[in-house]
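Notes follow the structure.
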Amino acid sequence: MRIFLAPMEGVVDHHMRQTLTAIKPSGIDICVTEFVRVTSHLLPNKVFLKAAPELEQHANYPLRLQLLGSVPETLAENAAKAAAMGAPAIDLNFGCPSKTVNNHKGGACLLDDTSLIHDIVAAVREAVPTEIPVTAKIRLGYDDRASYLRNAEAIELAGANELVVHARSKADGYKPPAHWHYIGEIRQQLSIPVVANGEIWSLEDYQNCIEQCGRGDIMLGRGLLARPDLAYAIKQYEAGLNYELMPWAELLIHVRMFFSGTSLSYPAKHTGNRLKQWLFYLKRNFPEADALFEKIKKLRDREEILKALS
Ligand SMILES: Cc1cc2nc3c(=O)[nH]c(=O)nc-3n(C[C@H](O)[C@H](O)[C@H](O)COP(=O)(O)O)c2cc1C
Numbered sequence: 047m048r049i050f051l052a053p054m055e056g057v058v059d060h061h062m063r064q065t066l067t068a069i070k071p072s073g074i075d076i077c078v079t080e081f082v083r084v085t086s087h088l089l090p091n092k093v094f095l096k097a098a099p100e101l102e103q104h105a106n107y108p109l110r111l112q113l114l115g116s117v118p119e120t121l122a123e124n125a126a127k128a129a130a131m132g133a134p135a136i137d138l139n140f141g142c143p144s145k146t147v148n149n150h151k152g153g154a155c156l157l158d159d160t161s162l163i164h165d166i167v168a169a170v171r172e173a174v175p176t177e178i179p180v181t182a183k184i185r186l187g188y189d190d191r192a193s194y195l196r197n198a199e200a201i202e203l204a205g206a207n208e209l210v211v212h213a214r215s216k217a218d219g220y221k222p223p224a225h226w227h228y229i230g231e232i233r234q235q236l237s238i239p240v241v242a243n244g245e246i247w248s249l250e251d252y253q254n255c256i257e258q259c260g261r262g263d264i265m266l267g268r269g270l271l272a273r274p275d276l277a278y279a280i281k282q283y284e285a286g287l288n289y290e291l292m293p294w295a296e297l298l299i300h301v302r303m304f305f306s307g308t309s310l311s312y313p314a315k316h317t318g319n320r321l322k323q324w325l326f327y328l329k330r331n332f333p334e335a336d337a338l339f340e341k342i343k344k345l346r347d348r349e350e351i352l353k354a355l356s
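Just so we're aligned, residue 47 is where the sequence shown starts under the working numbering, counting upward by one.
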């Protein structure tokens with residue numbers, strides 16, 4: 047079983063990918079970038095490098111670069127460029143629920159247009175060298191959970207190497223529960239790997255997920271932010287081994303490193319924003335993260351935050 051770190055715009059950037067995969071052993075096998083929005087032209091290098099600085103640096107984890115758009119030809123030429131720049135795999139986003147994105151005919155609204163999804167995947171697959179995987183990420187449908195099978199089949203038919211399914215419709219938003227049993231149905235129909243995603247926050251959620259859709263690859267987003275050792279815990283469980291939640295003292299080392307990386311990448315007054323965002327997730331499992339969040343939530347000065355972290 048492989049475990050993917052989910053793409054999360056504004057949250058899982060290269061700092062977060064580096065941090066979460068540096069927790070040894072992280073249990074994370076593959077990371078996916080935030081989406082790069084493709085509209086009408088060939089994007090400059092800097093846009094790809096902003097989403098994936100790893101293209102120019104050494105990364106210790108396999109990466110997929112995610113594209114979002116609705117014009118097959120434009121997506122294809124941008125995918126070919128990303129591949130030429132070193133993207134090890136291309137992922138296509140058919141799940142983004144954002145109004146702005148959907149109003150420009152991108153993301154989840156394409157779930158109502160199976161033939162366009164097919165044409166996008168086929169065009170990208172043809173434009174990218176065969177050794178570079180082309181993958182797609184969908185939700186179960188737009189207004190309802192009805193288009194998942196035809197979209198999944200179209201994606202396979204168009205030549206995609208893998209499919210990730212976020213087990214909710216666009217209308218479901220992020221409201222629990224995730225409807226994992228649909229993924230079991232898709233897995234039965236498709237011969238490419240189908241990655242299960244959505245609402246796995248704990249080992250118990252994982253157990254419920256596999257009960258509903260069977261064992262296979264999974265993708266974790268918010269659950270991994272809230273519990274950075276969740277992928278490892280799941281792998282230990284699958285190996286029949288016991289594993290306790292990682293100690294806060296160990297996690298704090300990574301929290302500090304994350305702050306060192308992110309605090310200089312943002313304007314001074316926003317220096318602690320990314321740290322506060324992560325602590326907000328972590329406090330679900332770590333009371334110490336809650337205490338730290340309370341301590342720094344009003345701080346704006348980098349030195350003061352560093353002091354609080356020490
Ligand atoms: C803040 C945020 C940003 C997201 N950005 C993306 C994105 O750029 N591309 C994408 O395919 N999915 C994106 N997603 C969806 C996640 O990848 C994932 O499918 C969803 O959060 C469900 O998984 P989880 O319950 O494990 O978090 C985003 C989700 C959140 C909460």
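For each residue, glycine too, the CB sits at the ideal point set by N, CA and C.
- Pairing Ser193 with Asp336, the inter-Cα distance amounts to about 41 Å.
- Exclusion of His60 from the 7 Å shell around ligand 1 follows from its C-beta lying no nearer than that to any non-hydrogen atom of the ligand.
- Gln112 is bridged by DSSP to Asp137.
- Taking the Cα positions, Val174 is about 26 Å away from Gln235.
- Rounded to whole angstroms, the separation of the alpha carbons of Glu208 and Leu328 is 30 Å.
- For Asp137, the closest alpha carbon among the candidates Ala68, Ser144, Asn124 is that of Asn124.
- Gly187: member of the beta strand (DSSP E) spanning 180 to 187, first to last residue.
- Only residues of its own chain outside the window of five on either side were considered, and among them Phe339 have a CB closer than 7 Å to the CB of Phe326, listed in chain order.
- Put simply, of Leu195, Ile264, Arg268, Ile280 the residue whose alpha carbon is nearest the alpha carbon of Pro222 is Arg268.
- Taking 3 residues as the shortest admissible run, the segment 235 to 265 contains the following complete beta strand (DSSP E) segments, listed from N- to C-terminal end: 240 to 243.
- At the C-beta level, Phe81 and Met131 stay beyond 8 Å of one another.
- Within 7 Å of the C-beta of Tyr252 there is not a single heavy atom belonging to ligand 1.
- With contacts defined as CB atoms closer than 8 Å, Gly141 and Ile184 qualify as a contacting pair.
- Remark: the C-beta of Tyr289 is outside contact range of ligand 1, defined as less than 7 Å to any heavy atom.
- Across the set Ile178, Ala206, His164, the C-alpha of Ala206 shows the shortest separation from the C-alpha of Ile238.
- Measuring C-alpha to C-alpha distances from Ile201 to each of His212, Ala213, Thr181 identifies Thr181 as the nearest.
- Around the Cβ of Gln253, a 10 Å sphere holds fewer than 16 other Cβ atoms; the residue is exposed.
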